[in-house]
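Residue numbers (this note's numbering): 70 to 168. The beta-carbon is built from N, C-alpha and C at its ideal position, and this holds for glycine as well. Every value quoted in this text rests on a predicted model; they were computed, and no experiment measured them. Scroll down for the structure; my scribbles are underneath it.
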Amino acid sequence: MATYYILRKANGEVFTLEVNGVSYVAVWADERDVRRSKSANPDLMVYIPAPADERFLKRRFGDRPIRFFLVDGRDPDLRTGREITPEDVFGEAALPKAA
């Protein structure tokens with residue numbers, strides 16, 4: 070199973086972005102892609118890359134469904150990518166889907 074990465078602050082705040090009015094937890098396919106996005110977006114420097122961890126995200130978001138946006142690593146503008154499911158990120162035993 071692939072490891073996806075998120076960005077989070079030291080206080081646990083997870084980086085989210087809005088695409089077409091929908092809020093997503095941004096995920097990257099590898100750490101190199103995260104670094105590329107951070108270098109192109111100085112506002113992200115306060116975040117550190119971390120593997121997407123289901124238990125951490127459940128504690129952070131509670132029972133709220135989470136949507137994930139896989140950022141295209143070739144285009145660091147944070148607008149290019151696609152929605153992926155919790156099953157894509159964590160495997161079969163995953164968070165509830167967003168409606």
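Beta-carbon proximity of residue i to residue j, cut-off 8 Å
i, j, result
"Pro118", "Val103", "yes"
"Val91", "Ile75", "no"
"Pro145", "Ala109", "yes"
"Leu139", "Leu86", "no"
"Arg129", "Val88", "no"
Given residue i as reference, the closest of the options once Cα atoms are compared
i, options, result
"Thr72", "Ala79, Lys107, Glu123 and Met114", "Glu123"
"Val115", "Ala79, Arg143, Pro155 and Val158", "Ala79"
"Gly81", "Ser106, Lys127 and Pro145", "Lys127"
"Arg101", "Phe159, Pro111 and Asp141", "Asp141"
Residue i burial status per 10 Å Cβ neighbour count (16 or more: buried)
i, result
"Arg143", "exposed"
"Gly150", "buried"
"Arg77", "buried"
Contact test: residue i Cβ vs the ligand COA heavy atom, cutoff 7 Å
i, result
"Asp146", "Ligands are entirely absent from the displayed structure, and the ligand COA is therefore not among its contents."
Counterpart residues of residue i in DSSP-defined beta bridges
i, result
"Thr85", "Val94"
"Asp150", "Looking at the sequence itself, residue 150 is Gly, so the reference to Asp does not match. In DSSP, Gly150 forms a bridge with Val140."
"Tyr74", "Trp97 and Pro120"
Review point. Can at least three beta-carbon pairs, one atom from the region 147–162 and one from the region 132–139, be found at a separation below 8 Å?
Key: Touching, yes, given that three or more Cβ pairs across the two stretches are closer than 8 Å.
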